[in-house]
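J.: First residue of the sequence shown? That's 0 in numbering that gives the first Met the number 0, and the numbers climb one at a time after it.
Beta carbons are placed, not taken as given, at the ideal position from N, Cα and C, and that holds for glycine.
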Amino acid sequence: MEESKEKEERVEKEEEREEMEEREEKEEKEEKEEKEEREEKEEKEEKEETEEKKEKGEKMEERKEKREEGGEGEGRIRRRRRKKKEEEKEEEEGGGRRRRRRRRRRKRKSERRHDREAWPA
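#1: So, are the CB atoms of R62 and R77 less than 9 angstroms apart?
#2: When you compare the CB positions of E86 and R100, do they come within less than 9 angstroms of one another, or not?
#3: I'd like the span of the alpha helix (DSSP H) that includes E0, first residue to last.
#4: Taking only the alpha-carbon atoms, compute the straight-line gap between A117 and R98 and give it to the nearest angstrom.
#5: For G56, does the three-state DSSP call read helix, strand or coil?
#6: Cα separation between E7 and E17?
#7: When you compare only the Cα positions, how much space is there between K28 and S3?
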């Protein structure tokens, strides 16, 4: 009787140990899979980031080329500065063209202002 009880206990302990080992193996396998998935995801994100940076760099390069060519891609401020420099050169070369333009602009501006005052919205 005692021998059979001891045998049963040994068998139960052996079964428990086997179950524990199986659980541990299963957990290790799941952890390994999760780690691989995480690494794949990180690699994918890094790849996307490098592609985005590359595209940004290409766009910046295109803009720079367009700017150097002049015209397209040129910002409003740069255009204004360039125009002002050109006008200054013209004024130095040929006289008061800039001054006349300025007067005309002021005149038109004041006319518009008077129109707005006369006809409120």
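T.: The structure says:
#1: no
#2: yes
#3: In the sequence as presented, Glu is not what sits at residue 0; that position holds Met. Careful: M0 lies outside any alpha helix (DSSP H) and carries neither H nor E.
#4: 29 angstroms
#5: helix
#6: 15 angstroms
#7: 37 angstroms
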